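Taking it in order: structure first as structure tokens, then the write-up.
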Amino acid sequence: MLKSRRNFLKSVSLGAASLSLTGCSSMDRWILGGSEYDSQKVVILGAGLAGLTAAYELKKNQIPFKVYEGSGRIGGRIWTLPDLNISSQFADLGGDIIEAHHQDILNLLTELKLLKTEMSAEVGYSWIDKGKNLSPREKIKEFGKLSSIFHQVSADIYGPGKQILNFQNRELYPKAVKLDEMSVADFFLRLESKWSPWMKPMMTQWVRSHWGTEPVSLSALELVHWMRDSFHVNYKKFYKISGGAGILTQSLFDRIAGVLPDRWVQFDSSLEEIRPQENGSWSLIFKTKKGRQEVLAQQVICALPLHCLTSIRGWESLPLSPSQKVLFQEMGVASQSRLILSFKERFWQEDKVLTEGGSWIWSQPSQALSQAGDKIESGLNAVHGLLQAKVGSLEAEKVGPRSVEDLLAKLKEFYPKASSFEGISAIHNWKTYPWARGGRCFLKPGQFQKFDLDFQKTAAQWKWAGDAYDLAHHGTMNAAVITAKEAVKSLFPTAVPATKI
Numbered sequence: 004m005l006k007s008r009r010n011f012l013k014s015v016s017l018g019a020a021s022l023s024l025t026g027c028s029s030m031d032r033w034i035l036g037g038s039e040y041d042s043q044k045v046v047i048l049g050a051g052l053a054g055l056t057a058a059y060e061l062k063k064n065q066i067p068f069k070v071y072e073g074s075g076r077i078g079g080r081i082w083t084l085p086d087l088n089i090s091s092q093f094a095d096l097g098g099d100i101i102e103a104h105h106q107d108i109l110n111l112l113t114e115l116k117l118l119k120t121e122m123s124a125e126v127g128y129s130w131i132d133k134g135k136n137l138s139p140r141e142k143i144k145e146f147g148k149l150s151s152i153f154h155q156v157s158a159d160i161y162g163p164g165k166q167i168l169n170f171q172n173r174e175l176y177p178k179a180v181k182l183d184e185m186s187v188a189d190f191f192l193r194l195e196s197k198w199s200p201w202m203k204p205m206m207t208q209w210v211r212s213h214w215g216t217e218p219v220s221l222s223a224l225e226l227v228h229w230m231r232d233s234f235h236v237n238y239k240k241f242y243k244i245s246g247g248a249g250i251l252t253q254s255l256f257d258r259i260a261g262v263l264p265d266r267w268v269q270f271d272s273s274l275e276e277i278r279p280q281e282n283g284s285w286s287l288i289f290k291t292k293k294g295r296q297e298v299l300a301q302q303v304i305c306a307l308p309l310h311c312l313t314s315i316r317g318w319e320s321l322p323l324s325p326s327q328k329v330l331f332q333e334m335g336v337a338s339q340s341r342l343i344l345s346f347k348e349r350f351w352q353e354d355k356v357l358t359e360g361g362s363w364i365w366s367q368p369s370q371a372l373s374q375a376g377d378k379i380e381s382g383l384n385a386v387h388g389l390l391q392a393k394v395g396s397l398e399a400e401k402v403g404p405r406s407v408e409d410l411l412a413k414l415k416e417f418y419p420k421a422s423s424f425e426g427i428s429a430i431h432n433w434k435t436y437p438w439a440r441g442g443r444c445f446l447k448p449g450q451f452q453k454f455d456l457d458f459q460k461t462a463a464q465w466k467w468a469g470d471a472y473d474l475a476h477h478g479t480m481n482a483a484v485i486t487a488k489e490a491v492k493s494l495f496p497t498a499v500p501a502t503k504i
């Protein structure tokens with residue numbers, strides 16, 4: 004566990020290791036980043052993927068920093084449960100999917116020498132309803148119709164290319180502005196004559212699972228962009244991090260923490276108040292186990308979840324335009340939960356949608372089912388298996404022990420062998436964690452046109468990093484990596500990203 008490791012390292016640093024470093028100022032600067040004063044370090048708020056990536060970029064360039072994390076763990080909304088069953092299988096409770104075009108996070112995996120598993124489902128999705136299931140050929144035909152509808156909509160509002168509406172280009176795309184002002188629910192009504200009757204309930208459940216909200220609360224552009232850029236009719240290709248997404252955040256932490264982790268990352272330190280100073284710096288007030296702590300910061304990279312930031316006293320004093328503050332305060336926050344169930348045998352092993360990385364979408368409260376963990380090679384028929392249900396919106400808030408029973412009962416209607424459930428399950432609701440307060444962010448109707456791409460430039464010394472701050476990859480792990488690197492580059496234009504540690 005992380006804390007036991009930290010305690011061990013602390014004892015080492017107080018013993019022989021600290022004696023061996025005493026008086027060696029050059030070695031001390033190399034390990035500690037050159038300064039013992041937080042006011043002279045870049046303060047990073049949050050030890051999720053964005054915060055750790057920013058710290059890693061700073062460490063590579065020997066720039067002093069200190070990370071403050073409100074919880075007692077690293078990773079934020081990346082959380083991997085290891086060794087859930089006798090086959091030592093794992094499940095991710097949060098971020099897990101890397102799209103094939105998410106090049107920044109793929110490059111980071113390569114740099115860190117971490118393995119990834121390619122998932123290539125011939126058909127990425129199945130709609131399961133009343134015991135009926137379309138054949139693969141029928142699925143490809145129907146999903147082909149669905150895909151062409153959304154690609155045509157994108158071409159109609161943007162023309163050729165993959166544009167994304169924002170504050171800067173809103174006058175260039177008046178049709179996109181109108182669609183942005185429309186909810187997904189209203190957009191579905193306009194499509195009823197163009198798609199098969201089962202497509203609306205399927206897409207409604209997918210919206211709930213993927214964005215964690217009801218279609219009426221989501222900008223139609225969120226769905227149009229996703230269908231255009233990430234939905235594939237057949238051979239949907241994406242990646243998972245071998246061993247779980249937590250391998251990535253742990254690898255980043257190991258590289259920045261070194262032999263004295265407490266000098267780099269301070270846990271259980273929740274930000275309570277932000278006070279701007281006359282000289283352009285910030286006084287940051289943290290609540291810690293030892294009481295209140297004030298940190299004077301000249302440079303800050305804020306990698307807190309957006310909906311946590313806006314609950315902190317004094318956040319309104321941050322250098323943002325009035326319209327951007329309103330957008331940050333009103334941006335949607337997903338209600339997302341996950342159910343993990345372990346089975347003695349993979350009764351779904353003949354279903355290539357699940358075994359190859361796709362999802363079942365159905366009308367049940369569990370919404371979207373998929374196989375958890377790494378891809379299991381064919382031929383290993385006797386191995387245990389994990390199924391996960393990604394539940395969003397109103398149903399996510401109801402998830403509890405009864406949800407496991409209900410899911411098992413419904414599964415047995417389709418597969419009697421679902422009785423091989425071995426009594427091992429996990430239930431996770433992101434809203435119950437005060438340092439997360441929900442899942443991903445999403446844009447409500449009318450909010451794309453208010454997203455000001457220049458908000459990062461409004462303050463020379465306060466930068467933003469996280470999945471909410473990149474419009475092109477909004478809500479993804481790739482966005483967290485992109486914005487973290489951009490934040491460091493903005494503070495230190497001469498930083499060299501290619502240098503490795």
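Position one of the sequence shown corresponds to residue 4 (the numbering used here), numbered consecutively onward.
All C-beta atoms, glycine included, are put in the ideal place defined by N, C-alpha and C.
Since this is a predicted model, take the numbers as computed values, not measurements.
As assigned by DSSP and simplified to three states, the class of residue 102: In this structure, DSSP gives residue 102 an extended state, which the three-state scheme calls strand.
Cβ-based burial, residue 171 [other Cβ within 10 Å; buried from 16]: Residue 171 comes out exposed.
Beta-bridge partners of residue 432, as assigned by DSSP: 340.
Close Cβ partners of residue 296 (< 6 Å) along its chain, the five nearest in sequence each way excluded: Once the five neighbours on either side are set aside, the close Cβ partners of residue 296 are 289.
Beta-carbon proximity list for residue 191, same chain, < 6 Å, skipping 5 on both sides: The answer, listed in chain order, is 203.
Nearest-angstrom Cα separation, counted from residue 440 out to residue 222: Each residue's CA atom was taken as its position, placing residue 222 and residue 440 some 22 Å apart.
Residue 300 and residue 286 closer than 9 Å at C-beta: Yes.
First through last residue of the alpha helix (DSSP H) which encompasses residue 224: Unbroken alpha helix (DSSP H) run through residue 224: 223-232.
Residue 81 - DSSP class collapsed to helix/strand/coil: Annotated three-state conformation of residue 81 is coil, per DSSP.
Pick from 232, 186, 153 that is closest to residue 198, judged by C-alpha positions: It is 153 whose Cα lies nearest to the Cα of residue 198.
CA nearest to the CA of residue 196, picked from 148, 157, 175, 230: Nearest option by C-alpha distance: 148.
Proximity of residue 487 and residue 53 at Cβ, strictly below 9 Å: Taking 9 Å as the Cβ cut-off, residue 487 and residue 53 qualify as a contacting pair.
Anticipated Cβ contact below 8 Å, residue 119 with residue 244, distance rounded: 6 Å between Cβ atoms; contact.
Nearest-angstrom Cβ-Cβ length linking residue 240 and residue 362, presumed shorter than 8 Å: Rounded to whole angstroms, the Cβ separation of residue 240 and residue 362 is 15 Å, and the two are not in contact under 8 Å.
Environment of residue 207 [buried if 16+ CB atoms lie within 10 Å]: Counting every other CB atom within 10 Å of its CB across the protein chains shown gives residue 207 a total of 16 or more, marking it as buried.
CB of residue 213 within 9 Å of CB of residue 355, strictly: No. Outside cutoff.
Host beta strand (DSSP E) of residue 294 (start-end): Where residue 294 is concerned, the enclosing beta strand (DSSP E) stretches over 294-300.
Segments assigned alpha helix (DSSP H), at least 4 residues, entirely inside the stretch 134-192: If one requires a minimum length of 4 residues, the alpha helix (DSSP H) runs lying completely within the stretch 134-192 are 139-161, 177-183, in chain order.
Same chain, Cβ closer than 7 Å to residue 25, neighbours up to 5 away in sequence not counted: Unreliable placement is indicated for residue 25, whose pLDDT of 35 sits below 50; the coordinate value is still reported in the next sentence. Within the same chain, no residue comes within 7 Å of residue 25 by CB-CB distance, once the 5 residues on both sides are set aside.
Residue 242 - partner residues in DSSP beta bridges: DSSP lists 101, 121 as the bridge partner or partners of residue 242.
3-residue-minimum beta strand (DSSP E) runs that sit fully inside the stretch 241-329, ordered along the chain: Segments of the beta strand (DSSP E) lying fully in the stretch 241-329: 273-279, 285-291, 294-300, 302-305.
Beta-carbon gap between residue 291 and residue 269 smaller than 9 Å: Yes.
Of the residues 368, 389, 156, the one placed nearest residue 374, counting alpha carbons only: The residue with the shortest Cα to Cα distance from residue 374 is 389.
Close beta carbons around residue 28, own chain, < 7 Å, minus the five adjacent residues each side: For residue 28, the pLDDT reaches just 36, beneath the cut-off of 50, and the residue's location in the model is therefore unreliable, leaving the point undetermined.
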